Amino acid sequence: MSFAKFIDKPCDVLTSAQITTLGTFKEAKPSTDSTGPSCRWAATDPTKGISYTVSLLTDGTTIDKVTENVKTAPVYRKAEVSGLPAVSSDSTDGKGTCATAVGASSKDTFLVQISTLNESTPEYKDSCGATEKVAALVIQNLKG
Numbered sequence: 001m002s003f004a005k006f007i008d009k010p011c012d013v014l015t016s017a018q019i020t021t022l023g024t025f026k027e028a029k030p031s032t033d034s035t036g037p038s039c040r041w042a043a044t045d046p047t048k049g050i051s052y053t054v055s056l057l058t059d060g061t062t063i064d065k066v067t068e069n070v071k072t073a074p075v076y077r078k079a080e081v082s083g084l085p086a087v088s089s090d091s092t093d094g095k096g097t098c099a100t101a102v103g104a105s106s107k108d109t110f111l112v113q114i115s116t117l118n119e120s121t122p123e124y125k126d127s128c129g130a131t132e133k134v135a136a137l138v139i140q141n142l143k144g
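Counting from 1, one number per residue, gives the positions in the sequence shown under the UniProt record's numbering.
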């Protein structure tokens, strides 16, 4: 499974229908940094909503490298998302923030991050569960 077709359009890794199920967001913002292209869906109200970022790691980062880098984080769990190897982690307590990396292939890894300040949402209480859910949506589109 490759994310090559999304390199130039990282915001297409989620469909508009999928995004609607996740919340209300400002216009998606693509960007690129040293790890590769990404897209951020920022909450329309940062104090009440949820923001997600999906990054396509094109710098050679594998799921094994990510696992090695985060295994001492306060929140760390190996997971499987839609049959693919994944690891979820957070440098604090996993409430309001988390990152899930998924090995889409031996060389393609993507990362889903969440940020929310709203303690009353289920996504705040189980932020890693929320990033794993979004990762499963991305995988649907990678397979498509």
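Note that the Cβ used here is the ideal one computed from N, Cα and C, for glycine as well. The structure displayed is predicted, hence computed values, not measured ones.
query, result
"Other residues of its chain near I29: CB distance less than 6 Å, five sequence neighbours each side excluded", "Looking at the sequence provided, one finds Lys at residue 29 rather than Ile. Excluding positions up to five away in sequence, the list reads R40."
"For P46, the nearest candidate out of T35, T21, K26 and A135 (CA to CA)", "K26"
"K133 in three-state terms, based on DSSP", "helix"
"Whole-angstrom distance between V81 and S120, CA atom to CA atom", "25 Å"
"Helix, strand or coil at L111 [DSSP, three-state]", "strand"
"Contact belief for residue 145 with G36 at Cβ below 8 Å, rounded distance in angstroms", "Absent from the structure is residue 145, since the part of the chain shown begins at 1 and ends at 144."
"Completely contained alpha helix (DSSP H) runs for the stretch 65 to 125, where each covers 4 or more residues", "122 to 125"
"Heavy atom of the ligand GDP within 8 Å of A86 beta-carbon", "Ligands in the displayed structure: none, and consequently the ligand GDP is not present."
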